[in-house]
Amino acid sequence: MADYLVIVESPAKAKTIERYLGKKYIVRASLGHLRDLPKSQMGVDTENNYEPRYITIRGKGPILQELKKEAKKVKKIYLAADPDREGEAIAWHLAHQLGVDIESDCRVVFNEITKEAIKESFKNPRPINMDLVDSQQARRILDRLVGYNISPILWKKVKKGLSAGRVQSVALRMIIDRENEINAFEPEEYWSIAARIEKGKAEFDASFYGEGKKKVKLINKEQVDGVLGKLKGKTFDVDKVLKKERRRNPALPFTTSSLQQEAARKLNFRARKTMMIAQQLYEGINIGKEGNVGLITYMRTDSTRTSETANAEAKSYIETMYGEEFLAAAKPPAKASPKAQDAHEAVRPTSVMRPPAAMKALLSRDQFRLYKLVWERFLASQMAPAVLDTVSVDLVNGDVRFRSTGSQVKFQGFMKVYVEGDDDKEEEKDRILPPLVEGEKVKFKEIDPKQHFTQPPPRYTESRLVRTLEELGIGRPSTFAPTLDTIQKRGYVTLDAKRFIPTELGGIVHQAVDEYFPNIIDVEFTAQMERELDDVEEGKTKWVQVIDNFYKDFEKHVTYADAEMEKIEIKDEPAGEDCEKCGLPMVYKLGRYGKFMACSGFPDCRNTKAIIKPIGVTCPTCKKGEVVERKSKTKRIFFGCDQYPECEFVSWDKPVARACPKCEGPLVEKKSKKGVTVQCTECDYQEDTQ
Numbered sequence: 001m002a003d004y005l006v007i008v009e010s011p012a013k014a015k016t017i018e019r020y021l022g023k024k025y026i027v028r029a030s031l032g033h034l035r036d037l038p039k040s041q042m043g044v045d046t047e048n049n050y051e052p053r054y055i056t057i058r059g060k061g062p063i064l065q066e067l068k069k070e071a072k073k074v075k076k077i078y079l080a081a082d083p084d085r086e087g088e089a090i091a092w093h094l095a096h097q098l099g100v101d102i103e104s105d106c107r108v109v110f111n112e113i114t115k116e117a118i119k120e121s122f123k124n125p126r127p128i129n130m131d132l133v134d135s136q137q138a139r140r141i142l143d144r145l146v147g148y149n150i151s152p153i154l155w156k157k158v159k160k161g162l163s164a165g166r167v168q169s170v171a172l173r174m175i176i177d178r179e180n181e182i183n184a185f186e187p188e189e190y191w192s193i194a195a196r197i198e199k200g201k202a203e204f205d206a207s208f209y210g211e212g213k214k215k216v217k218l219i220n221k222e223q224v225d226g227v228l229g230k231l232k233g234k235t236f237d238v239d240k241v242l243k244k245e246r247r248r249n250p251a252l253p254f255t256t257s258s259l260q261q262e263a264a265r266k267l268n269f270r271a272r273k274t275m276m277i278a279q280q281l282y283e284g285i286n287i288g289k290e291g292n293v294g295l296i297t298y299m300r301t302d303s304t305r306t307s308e309t310a311n312a313e314a315k316s317y318i319e320t321m322y323g324e325e326f327l328a329a330a331k332p333p334a335k336a337s338p339k340a341q342d343a344h345e346a347v348r349p350t351s352v353m354r355p356p357a358a359m360k361a362l363l364s365r366d367q368f369r370l371y372k373l374v375w376e377r378f379l380a381s382q383m384a385p386a387v388l389d390t391v392s393v394d395l396v397n398g399d400v401r402f403r404s405t406g407s408q409v410k411f412q413g414f415m416k417v418y419v420e421g422d423d424d425k426e427e428e429k430d431r432i433l434p435p436l437v438e439g440e441k442v443k444f445k446e447i448d449p450k451q452h453f454t455q456p457p458p459r460y461t462e463s464r465l466v467r468t469l470e471e472l473g474i475g476r477p478s479t480f481a482p483t484l485d486t487i488q489k490r491g492y493v494t495l496d497a498k499r500f501i502p503t504e505l506g507g508i509v510h511q512a513v514d515e516y517f518p519n520i521i522d523v524e525f526t527a528q529m530e531r532e533l534d535d536v537e538e539g540k541t542k543w544v545q546v547i548d549n550f551y552k553d554f555e556k557h558v559t560y561a562d563a564e565m566e567k568i569e570i571k572d573e574p575a576g577e578d579c580e581k582c583g584l585p586m587v588y589k590l591g592r593y594g595k596f597m598a599c600s601g602f603p604d605c606r607n608t609k610a611i612i613k614p615i616g617v618t619c620p621t622c623k624k625g626e627v628v629e630r631k632s633k634t635k636r637i638f639f640g641c642d643q644y645p646e647c648e649f650v651s652w653d654k655p656v657a658r659a660c661p662k663c664e665g666p667l668v669e670k671k672s673k674k675g676v677t678v679q680c681t682e683c684d685y686q687e688d689t690q
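First residue of the sequence shown? That's 1 in UniProt numbering, and the numbers climb one at a time after it.
See below:
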């Protein structure tokens, strides 16, 4: 019979840990929380120090009974939930339900699921940390007070099924504010002049810089014509050659936020998917002879710190595989963000001696891709900086100055393994200029003036929104994925080309919350609330005081909104066509996922259909129908023929209303980081990026 019962959160983790601990231990999973606030009511006594009323979660009763049964058979119970606030709260709830003394050494935490880490953690059990528990409890109660007070008002005044939340309402505000910026943006004209320069057999590009030594911004065609009129002949003098050596440092190991951002950029993973796969890699994967092994450290962290043991292992691997010159020189640790709690390590592989290539056959495609990203990022962080040779050349023709810049990787360093992605620019590539000497002459092959217009700020991608929320101190690593998930499920935003666009419903909800609960969507107020909750975690403040300071003012806003907010009637709009089932007029209705068409005879007639939007292009397949914009089940926009199912033409790319000038094939718009490019689907014809 076993002497000890260990309770973790997931069955996968239980299986791995039980094998490491041996026969004296039995390991069971709680499958997360076993008790929580009730769903059917507030569950918080605002008249009695915000006392929460916890109940056993529906469906978790049998699990609790089984754990109680196992608890009676053993000498001691260890609570080994995840090493964060949520895990500490789960351990606290379990202690209450199983009669464990919270001041005894019952709590075990580990940052990675490896044999060494597990055995070490059981040598150092500790009491439950009530500051962590109180911090989690304060967040839970605060979110309950906000959600369960505002949501019923929105149901009554707008429509059922709506919600507001402490973090989600700020995220929605940011998306709407950005959309308003875009709508209010007035483009400004500007011009560039590019020159194709020849030197012997080599060619390179240069751009207009200015006149004399002064930089000049070209804002209209008259200025451009004036510059071109000053050029005399086709010869440029090389006026200045500036060469520099530049060092580029590797990115730090992943935090939760940076992992979500990079997985979105490089793997096209949504935040929720990233966290789900990271959880699998953390809990353990069967890798053959070793059995189930955790491949990465805990993935909810805001620290970039890594252990000396891991660093030493990485150093040995780098020296063996790449050579001593690729090792990073000793340097002081990077400064942590003021917001970082630094509770445990960065997200890293549990062992660099398990390279991705060796793990590929043992992992699913998505598991492999995320593991490879984590492994490469950590290894690169321990490598030497890259060294780049950069050169800047000024070319003059009379008073007109052009400039060309180039760079070349002199020493790859960390770039041999990994280069961090960026939302705003492409990865660095070699741009090599031919050898040039001050005073020599070169000729230009062609001059190409181009008109441009300034662009509005871009809509938020998931990675950009996560980065901004983190920079502003809104939410914490574990909240980003569920927050983005919620605002999409509620129908407040949609994704188009991986960018958030607010819906009409999102705008209505935001306007109501903005008018009656301004603090809830105030960025600084929400960030300050996060700081106060962090103070609870650090034992500086009592959680009841934080909640009370917030609720006294919030309660007045709730009472006022309930009495004064006018009912917002979302009127149905005539659709201009009749129902094919009963003949009554069809109308546009606003649903959770945007507008749709429905019969005005509802509920007697329940006919509904999606709104299709013609784009003014004849179907390239049947030549009869018209191409319309549609949405897939996952809300992704695609284009198809309105004669479906007779014609099955579909395209993810938007067709263009003209044929390819080269082969007469169909043209489509391709979206990329640079903008929109028109391409032929049947030949290599491509137009300049717009």
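Here a beta-carbon is modelled for each residue, glycine too, at the ideal position from N, C-alpha and C.
The region 35-49 and the region 71-87 do not touch, with fewer than three beta-carbon pairs separated by less than 8 Å. Counting the other CB atoms within 10 Å of its CB gives M597 a total of 16 or more, which places it among the buried residues.
In terms of CA proximity to G398, V238 leads the group V627, V238, F550 and T16. Closest by C-alpha distance to D82, out of F122, E283 and D131, is E283.
By the Cβ neighbour-count rule, S316 is exposed, with fewer than 16 other Cβ atoms within 10 Å of its own.
C-alpha of I197 to C-alpha of P449: approximately 15 Å in a straight line. Taking 7 Å as the cut-off, the Cβ atoms of Y371 and L295 count as close. Within its own chain, the residues whose Cβ lies closer than 6 Å to the Cβ of G406, once the five positions on either side in sequence are excluded, are V391, R431, I432 and L433, listed in chain order. Every alpha helix (DSSP H) of 4 residues or more that sits fully in the region 322-392 is shown, in chain order, as 356-359 and 365-381. Contact annotation, R403 with A194: C-beta distance approximately 11 Å; criterion of less than 8 Å not satisfied.
Counted as a single uninterrupted DSSP element, the stretch harbouring P585 is not any alpha helix (DSSP H) but the beta strand (DSSP E) occupying residues P585 to G591. When DSSP states are grouped into helix, strand and coil, E290 belongs to the coil group. Taken through DSSP and simplified to helix, strand or coil, D394 comes out as strand. Around A271, the same chain offers Q260, E462, F480, A481 and L484 as residues with beta carbons nearer than 6 Å, after the five sequence neighbours per side are excluded. E446: member of the beta strand (DSSP E) spanning K441 to F453, first to last residue. Checking the DSSP bridge columns, you'll see C641 partnered with V627.
Its chain contains I90 as the residues whose beta carbon lies nearer than 6 Å to that of H33, once the 5 sequence neighbours on both sides are disregarded; these appear in chain order.
Non-local beta-carbon contacts of K15 in its own chain, meaning distances under 6 Å to residues more than five positions away in sequence, involve N292 in chain order. Ranking V387, V417, R58 and K670 by CA distance to the CA of L37 puts R58 first.
With the rule of 3 Cβ pairs closer than 8 Å, the region 532-542 counts as touching the region 131-139. F638 and R173 have their alpha carbons spaced roughly 28 Å apart. In this structure, the CA atom of V523 is about 33 Å from the CA atom of S381.
Nearest Cα to A310 within the set V108, Y551, E112 and Y588: E112.
Membership of W191 in any alpha helix (DSSP H) is not indicated; the residue belongs instead to the beta strand (DSSP E) covering E189 to K199. A direct Cα-Cα distance of roughly 16 Å separates K119 from T297. Only residues of its own chain outside the window of five on either side were considered, and among them C660 and K662 have a CB closer than 6 Å to the CB of Y685, listed in chain order.
Beta-bridge pairing by DSSP links T677 to K670. Taken through DSSP and simplified to helix, strand or coil, K72 comes out as coil. By the C-beta criterion, the region 436-448 is judged not to be in contact with the region 163-170, since fewer than 3 inter-stretch pairs fall below 8 Å. Residues V44, Y50, P52 and I547 of the same chain have their beta carbon placed closer than 7 Å to that of I141, with the five preceding and five following residues left out of the count. Rounded to whole angstroms, the separation of the alpha carbons of V393 and K230 is 20 Å. Here DSSP, grouped into helix, strand and coil, assigns T405 to strand. DSSP, reduced to helix, strand and coil, places A610 outside both helices and strands of the structure shown, so it counts as coil. If you check the CB distance, F500 and I175 come in under 7 Å. Counting C-beta pairs closer than 8 Å gives fewer than three between the region 346-353 and the region 201-219, which falls short of the contact rule. Note on W92: 16 or more other CB atoms within 10 angstroms of its CB, so buried under the neighbour-count rule.
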